[in-house]
Each structure stands twice: as structure tokens, then as C-alpha cells.
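Asker: The numbering of the sequence shown is UniProt numbering, which starts it at 1 and goes up by one. For every residue, glycine included, the Cβ atom is placed at its ideal position computed from N, Cα and C. Before I ask anything, let me first share the structure, which is written out below as C-alpha cells.
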Amino acid sequence: MPAATIRKYVMTRGKMETLEEFASKNEWVLSDTLAHEQKQDYPVNCISVYYTVDLEAKQLTDKYFIATYHPTYKNTFKEISVAWLEEYFSVEANDLYQLDHPEENIIAPGGEIFTLLNAKDQIGVVAMLDYGSTVELGKMGIKKQYNGKGLAHPLMFEGVQWAKNHHKQFPHIDIYTAKHLTPAVNLYRKYGFEDVPVGGYTKFARVDLAMRLTF
1 MPAATIRKYV MTRGKMETLE EFASKNEWVL SDTLAHEQKQ DYPVNCISVY
51 YTVDLEAKQL TDKYFIATYH PTYKNTFKEI SVAWLEEYFS VEANDLYQLD
101 HPEENIIAPG GEIFTLLNAK DQIGVVAMLD YGSTVELGKM GIKKQYNGKG
151 LAHPLMFEGV QWAKNHHKQF PHIDIYTAKH LTPAVNLYRK YGFEDVPVGG
201 YTKFARVDLA MRLTF
């Protein structure tokens with residue numbers, strides 16, 4: 001992907017602004033060395049760069065990348081998802097169906113998997129599952145050592161934008177989760193997801209809460 005197509009955002013307290021928007025109010029950012037990278041700095045399939053900022057010090061503090069699916073990220077997708085499931089629930093057969101063959105089960109039907117990276121590590125993942133007329137956000141997770149840094153926000157932002165701007169014009173995004181996962185549920189609500197009836201959902205035994213973001 002040519003560097004000119006890479007989207008750049010500054011992230012402050014979970015709020016996303018394009019680098020241009022942020023620079024219009026904070027000219028200092030344009031001279032910050034962290035805001036500049038070369039084409040070879042981008043990971044494979046990179047689509048976006050996210051900068052974190054210290055507003056008082058007037059400097060960028062960290063740089064993260066979002067990439068679309070590539071086999072390079074396949075192991076990370078499974079590793080993060082399994083670690084999260086084993087901590088809170090258990091790994092079910094339907095989980096392995098998705099995690100062991102993401103190309104066939106997520107990408108080929110039209111979905112996408114976003115990976116969050118920094119210069120040294122693959123940090124987080126989220127999957128957008130395309131069911132034709134509906135889309136589901138699932139398998140979102142961050143490596144435990146990166147918790148508390150607000151790094152779920154780039155993944156949520158990219159997933160929502162992907163669905164919202166999709167040529168299929170999805171009417172909404174669905175999430176199937178569990179009520180006791182309070183931080184995750186609060187994050188979803190921050191992005192506008194609202195509780196809806198679970199109905200006859202049987203794919204995963206752990207699900208007791210359905211949420212929906214309507215466009």
C-alpha cells in the first residue's frame with residue numbers, strides 16, 4: 001500500500017482526530033519527529049497510524065499501526081483470542097473454527113481482521129464477520145501487558161468505520177458478549193452500541209448479552 005493512502009490519527013482520551021485536524025489546533029505536532037515515518041516503517045497491509053499525545057508536554061508519546069489481514073498476523077489472532085477466552089471462559093469448538101482457519105471462515109465470506117501493532121509487537125486484534133446482510137464485531141482483544149493504555153479504541157474505531165462505509169451498506173453492527181465483562185461492555189456503549197434481545201442465539205455458550213450499533 002502506498003504511503004499516501006495511510007490514514008493518520010491522533011488519539012487523546014479515546015477521541016480520534018486526523019493528524020491534519022489535530023495540527024490545525026496544535027501546530028507543534030508537525031515538527032514532532034514521531035509524526036514522520038518512511039514507507040519502510042509501515043507493517044504489511046498497514047492502513048492507519050495512531051499517535052498518542054502528552055498535551056501538557058506538547059509531544060507525541062507513542063505510535064501504533066492498524067493493518068488489515070495478512071497471514072503474518074494469523075498466529076497473533078489466535079494467540080490473543082485464546083488467551084482472553086481461557087482467562088474468562090473456555091475455548092469452544094466454534095472459536096477454533098474461526099481461529100484456526102480465518103482466511104476461509106472470516107476473510108473469504110467478505111469479513112476483515114484488523115491487527116494493532118507497534119514497531120516491535122503485534123498487540124491487539126478485532127474481527128468483522130460479514131454474514132451478507134448483517135455484520136458482527138467479535139474476537140476483540142489486547143495482549144494483557146498493554147491493558148490500560150486505551151488501545152482498544154483504534155480497533156473499535158476501525159471496525160465501526162469499516163462497517164459504516166462498506167459498499168453493502170450494513171444497517172447495523174451486532175456484538176454478542178457477556179454482561180460481566182464490564183470494561184468491554186462500557187467500551188461498546190461509548191461507541192453507541194445499545195442492548196438488544198439475545199433471542200435464539202446459540203453460537204457461543206458464554207453469550208448472555210447482545211448489543212447493536214444502528215447507522
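(1) Could you pull out every unbroken alpha helix (DSSP H) segment of at least 4 residues lying fully inside the UniProt domain "N-acetyltransferase" (75-215), listed in chain order?
(2) Nearest-angstrom Cα distance between K78 and D41?
(3) Please list, in chain order, all residues of the same chain as N94 whose beta carbon is under 7 angstroms from its beta carbon, the five residues on each side excluded.
(4) Kindly list the residues whose CB is nearer than 6 angstroms to the CB of A3, restricted to its own chain and excluding five residues on each side of it in sequence; keep chain order.
(5) Would you tell me roughly how many angstroms separate the C-alpha atoms of G111 and K190, rounded to the nearest one?
(6) Confirm, please, whether the CB-CB distance from L181 to Y88 is below 8 angstroms.
(7) With which residues is Y9 paired in a DSSP beta bridge?
(8) Would you call the segment 22-37 and the segment 129-146 touching, i.e. three or more CB-CB distances under 8 angstroms?
(9) Would you call the segment 95-108 and the segment 146-157 touching, i.e. three or more CB-CB distances under 8 angstroms?
(10) For a test of the three-state rule: what should DSSP assign to L34, helix, strand or coil?
(11) Check the C-beta distance from residue 235 over to I175 and give it rounded, since I have them as a contact under 8 angstroms.
(12) For Y73, name the three-state secondary structure that DSSP assigns.
(13) Is the closest heavy atom of the ligand COA to the C-beta of I80 under 7 angstroms?
(14) Checking the sheet assignment: what are the DSSP bridge partners for Y64?
(15) Please classify L96 as buried or exposed, where buried requires at least 16 other C-beta atoms within 10 Å of its C-beta.
(16) If you draw a straight line from the alpha carbon of G132 to that of A108, how long is it in whole angstroms?
(17) Determine which residues share a DSSP beta bridge with Q59 and list them.
(18) I'd like the list of long-range same chain contacts for residue 216, defined as Cβ closer than 6 angstroms, with 5 residues on each side in sequence excluded.
(19) Reducing DSSP to helix, strand and coil, say where L44 ends up.
(20) Between the C-alpha atoms of K15 and N165, what's the straight-line distance to the nearest angstrom?
Answerer: In this structure, then:
(1) 93-100, 152-164, 182-190
(2) As a position in the sequence shown, residue 78 is number 78, starting the count at 1. As a position in the sequence shown, residue 41 is number 41, starting the count at 1. One C-alpha to the other measures close to 25 angstroms.
(3) Within the sequence shown, residue 94 is the residue found at index 94, counting from 1. Around N94: K203, F204.
(4) Here residue 3 corresponds to residue number 3 of the sequence shown, with the count starting at 1. Low local confidence applies: a pLDDT of 45 at A3 is under 50, so the model's placement there is unreliable, with the coordinate-based value given in what follows. So the qualifying residues of the chain are K39.
(5) Counting from one through the sequence shown, the residue named residue 111 turns up at place 111. Counting from one through the sequence shown, the residue named residue 190 turns up at place 190. Straight-line Cα distance between these residues: approximately 23 angstroms.
(6) Counting from one through the sequence shown, the residue named residue 88 turns up at place 88. Counting from one through the sequence shown, the residue named residue 181 turns up at place 181. Yes, they are a contact pair.
(7) What you label residue 9 is simply residue 9 of the sequence shown in a count that begins at 1. Answer is T18, Y50.
(8) no
(9) no
(10) Indexing the sequence shown from 1 puts residue 34 at position 34. Residue state, collapsed to three classes: helix.
(11) Within the shown structure, residues of the chain are numbered from 1 to 215, placing residue 235 beyond reach of any answer.
(12) Taking the first residue of the sequence shown as 1, we reach residue 73 at position 73. If DSSP states are grouped into helix, strand and coil, Y73 belongs with the helices.
(13) The model depicted lacks the ligand COA and carries no ligand whatsoever.
(14) Counted from its first residue, the sequence shown places residue 64 at position 64. According to DSSP, Y64 bridges with Y50.
(15) The residue given as residue 96 occupies position 96 in the sequence shown. Looking at its Cβ environment, which holds fewer than 16 other Cβ atoms inside 10 Å, L96 is exposed.
(16) Numbered from its first residue, the sequence shown carries residue 132 at position 132. Numbered from its first residue, the sequence shown carries residue 108 at position 108. One C-alpha to the other measures close to 12 angstroms.
(17) As a working note, residue 59 is residue 59 in the sequence shown. Beta-bridge pairing links Q59 to D54.
(18) Past the boundaries of the shown model lies residue 216; the chain is included only from 1 to 215, so the question cannot be answered.
(19) If you number the sequence shown from 1, residue 44 lands on position 44. Per the sequence presented here, residue 44 reads as Val, with Leu not at that position. In the structure shown, V44 sits in coil (DSSP, three-state: anything other than H, G, I, E or B).
(20) Taking the sequence shown and counting its residues from 1, the one referred to as residue 15 is at position 15. Taking the sequence shown and counting its residues from 1, the one referred to as residue 165 is at position 165. Each residue's alpha carbon lies about 19 angstroms from the other.
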